[in-house]
Each structure stands twice: as structure tokens, then as C-alpha cells.
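For reference, each letter of the sequence shown is one residue, going 27 to 274 in our numbering. Even for Gly, the Cβ is constructed at its ideal location relative to N, Cα and C. The next block holds one structure in the form of C-alpha cells; read it before the comments.
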Amino acid sequence: MNRDRITTHQIALLATGDEISHGDILNTNSQEIASRLFSQGMQVGMHIVTSDSISEIERAITFLLASHEALIMTGGLGPTSDDLTRYALAKAVNDAPLIFHDDVWNEIVARLKRFGYDTPPLSNRQQALFPQDSTIIPNPNGTAAGCMIEFNHKLIFMLPGPPTECLPMFEQVVMPTLQKAHFSQVEYHKKWLLFGVSEGEIAEKLDALCKPFACTTGYRLFYPYIEFKIHAHDKQNFEKLITQIEAV
27 MNRDRITTHQ
37 IALLATGDEI
47 SHGDILNTNS
57 QEIASRLFSQ
67 GMQVGMHIVT
77 SDSISEIERA
87 ITFLLASHEA
97 LIMTGGLGPT
107 SDDLTRYALA
117 KAVNDAPLIF
127 HDDVWNEIVA
137 RLKRFGYDTP
147 PLSNRQQALF
157 PQDSTIIPNP
167 NGTAAGCMIE
177 FNHKLIFMLP
187 GPPTECLPMF
197 EQVVMPTLQK
207 AHFSQVEYHK
217 KWLLFGVSEG
227 EIAEKLDALC
237 KPFACTTGYR
247 LFYPYIEFKI
257 HAHDKQNFEK
267 LITQIEAV
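Below, the structure is given as C-alpha cells:
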């Protein structure tokens, strides 16, 4: 039941944007991505939100990479002056030069022409810039392609902010890449909804019961219920523990 256990292959999440840091919108991307990662047995670490500031984003990238094996970034890949994530990422990976990708630009031009822009705005050209040695992640639903880059043996993914663009790219490219890189572990989960007991009362009993087992417990109060959950890697001990919990 040690919550300070050392885990490998932890994945950090970084969401950028004044609209999130100022509270205008909710950071739903990180919530959804974390849920999907956890459901596949991947270890999700820290979540950070930054404003649209190159120095702030760069500091967050450096901080997260110091203690995580992968980083998924969302937001800040549009064509406007506040879309600065690509510039921050380039600085964070040893001031890598930003390379203009003609194939990405051609896709942007073709997409904008389909929407009636015969002369695409020049501001969109920044959406074809990516740090040197990046692998492009195509965006079938918008002009903001993403990218993947390996830096100091860490995987970094850069995705756009709109969920209708970000989440399909995550499913099509990011998740399979992480699975191929062995970020998934077999993990067993179970949850119970409890009613008519106090959080402190039930935690005292269940934590004592779970202590001898290599598992992690968690509690969540949402009136009038308490959610109790456990997850573990050893199936035999997990099943034995479930029997004892349900007896309580």
C-alpha cells in the first residue's frame, strides 16, 4: 500500500494556454488522456498547466522531463501570436532549430482552399515549423499537425488543443507508440461504491486490511457515496484481497 513506490515509465501531461490557466475553459484533454493511459496500464505522473509564455512552457518541459520518461503536450499550435508551444519545445531540446516542412504546408494550403481561402494567410506558415529531428503527427481534422521527438532517451509528443483534433491523434499515434515502447504494464483495478459509512471509518478498516498486500488504495468522496478503489500488479494477491475486502 506504499504510495511512494518507485515506478518506471511515468508519463507527464502538459497543457498550455491562457484560456486554461485563466479559468476560461476546463483542461479536458489532460483528464481524458490520463484516463485512457491508465486504462491501458500506463503510469500517469504530473499534470501541469501553463499560460502562453515561451519561458513558462520551456521551464515546465524541462521540469517534467527530469522525472518522467515521456511527455504529452497539448495546445498552442495554431497560427496566431499566442501559439508558442513549438518555439518553447525547440528551446527546451537544446535550442533545436525549427525546420519548415513543405509537405505540412502543402496540406495546410489544400485544407484552407477547401474552406474557400484561395490565398492562405501567411500566419499559418508557422504551423509547418517543427524542431529538428521531429516526426510529424498528421492532423486529419485541422491545420495544426503535431510531432514526436526523442530527447535524452525521453519521448515528447506535441498535439493541438482542440479535443476533436488532439484525441484522434493521441489514439492513432501516441498510444500505439507508447505501447510499442513498453509503457504498458498489466495492472488490475477494482472500485466499490460505499453508502452509509464515513470516509475516515472505512479507510481505517480497509487500509489496515490492505497493508500486507502490494497494492495502492484510493478514496473519493462524492456525497452521499464514497468510492473506494484498489489497483495492483499481482493477480493472485489482488483476487485474494478482493475476497477479504468484500467480507468487510
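Check: Residues sharing a beta bridge with Gln-36, DSSP; Outcome: Gln-69
Check: Beta carbon of Ile-182 nearer than 8 Å to that of Leu-115; Outcome: yes
Check: Beta-carbon proximity check, Leu-155 vs Leu-124, cutoff 8 Å; Outcome: yes
Check: Close beta carbons around Asn-167, own chain, < 6 Å, minus the five adjacent residues each side; Outcome: Thr-190 and Glu-191
Check: Candidates Ile-252, Ile-175, Phe-248 and Asp-260: closest to Met-99 by CA position; Outcome: Ile-175
Check: 8 Å contact criterion, which Ala-170 and Leu-110 should meet: CB distance rounded; Outcome: Between Leu-110 and Ala-170 the Cβ distance is about 13 Å, and since that is not below 8 Å, they are no contact.
Check: Three CB pairs or more closer than 8 Å across the segment 129 to 137 and the segment 79 to 97; Outcome: no
Check: Where the beta strand (DSSP E) through Glu-253 begins and ends; Outcome: 251 to 258
Check: Simplified DSSP assignment, three categories, for Thr-145; Outcome: coil
Check: With 16 other Cβ atoms within 10 Å as the buried cut-off, status of Pro-157; Outcome: buried
Check: Between the CA atoms of Ser-149 and Gln-69 - distance to the nearest angstrom; Outcome: 38 Å
Check: Distance CB(His-259)-CB(Gln-211) smaller than 8 Å; Outcome: yes
Check: Contact the segment 211 to 229 vs the segment 239 to 254: 3+ CB pairs below 8 Å; Outcome: yes
Check: Cut-off 6 Å between Cβ atoms - residues of its own chain near Asp-44, not counting five sequence neighbours on either side; Outcome: Ser-77 and Asp-78
Check: Alpha-carbon spacing of Val-119 relative to Phe-141, whole angstroms; Outcome: 35 Å
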